[in-house]
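Down below is the structure, laid out as structure tokens.
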Amino acid sequence: MCDFDFQPIIDVIVDGEGDDAAELVQEALDAGIPAADIIDKALVVGMQMVSDKYDQKEYFVPDLAASADAMTEALDILKPLLEQKDGEDKGTVVIGVVKECSQEIGKNIVAAMLSGAGYKVYDLGTNVAPDTFISKVKEVNADILAMSNPMLQTTKYMKETAEKLEAEGLRGKVKITIGGASTNPETAAQVLADAWSKNGNECIRVCNRLMDDLQA
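Take 64 as the starting number for the sequence shown in my numbering and just add one per residue.
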């Protein structure tokens, strides 16, 4: 299992070949590879390569869309296998991409991995206004609010959301973690978040720690 070659899956994600991505993911599952490993070692790697190509102006919006579609085809197969099996959730997470931003590739991967790690995840999608985040947090009694911010110019909406959470008297009950291409640990401090993570695996570790803090 350790010698499994993830490169063909990475290649079809980079090339935006959805049908091939689904087929190769199924082959990996049939070979006994855990869904979380496929996400972390193939889908995440492939999409990072796509992001790098876009940054270097080797790829353009249609290329991003094709790769995102290929990743979605792969995730559609993996998501059912990532659902919590034992009936008890580790905690409740509300996740979404901030207002005025529609890039959700990274958010989709993180949401799928959190679900696989045992969290009940409410995915609000993209272009989520601060009030929408707050409303959902209150509705589902969330433990953690996870905001994705791929663009620097929309950073202000994360801080606005944190301030509204404070105004609602929920800040002591709800932890905030952030991620996205425009973020780093310093950003977390600036927007009043509790934590930052750079990928799905790290976000799981962060959420586990935040839940420990809430339960302490």
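Cβ coordinates follow ideal geometry from the N, Cα and C atoms, glycine included.
Item: Identified DSSP bridge partners for M221; Value: DSSP lists no partner for M221.
Item: Reference A209; option with closest CA among L177, L233, D100 and A105; Value: L177
Item: 7 Å CB neighbourhood of P71 in its chain, flanking five on each side removed; Value: L87
Item: Cα-Cα separation between V282 and M221, rounded to whole angstroms; Value: This structure leaves residue 282 out entirely; the chain is present only between 64 and 279.
Item: Buried versus exposed, by CB contacts within 10 Å (16 or more), N204; Value: exposed
Item: Simplified DSSP state of M214, which is helix, strand or coil; Value: coil
Item: Straight-line gap, K201 to G242 (C-alpha atoms, nearest Å); Value: 22 Å
Item: Contact under 8 Å by Cβ, V254 with T217; Value: no
Item: Three-state secondary structure assigned by DSSP to D149; Value: Unreliable placement is indicated for D149, whose pLDDT of 49 sits below 50; the coordinate value is still reported in the next sentence. It is coil, neither helix nor strand.
Item: Residues near Y117 in its chain [Cβ-Cβ closer than 8 Å; skip 5 each side]; Value: F123, D126 and L127
Item: I239 versus A99 - alpha carbon distance; Value: 24 Å
Item: Boundaries (first-last residue) of the alpha helix (DSSP H) holding G30; Value: Outside the modelled stretch of the chain, which goes from 64 to 279, sits residue 30, for which no answer is possible.
Item: N-terminal and C-terminal residue of the alpha helix (DSSP H) that V269 is part of; Value: G263 to Q278
Item: Span separating the alpha-carbon of A180 from that of K120; Value: 35 Å
Item: C-beta contact flag for S130 and I73 at 8 Å; Value: no
Item: Simplified DSSP state of K120, which is helix, strand or coil; Value: coil
Item: Segment limits, beta strand (DSSP E) that includes T240; Value: K238 to G242
Item: Paired residues, beta bridge with D126 - DSSP; Value: DSSP, once it has assigned bridges, lists no residue as partnering D126.
Item: Identity of the residue in A230, I267, G169 and I96 nearest P193 by Cα; Value: A230
Item: Residue interval of the beta strand (DSSP E) (run including I158); Value: T155 to V160
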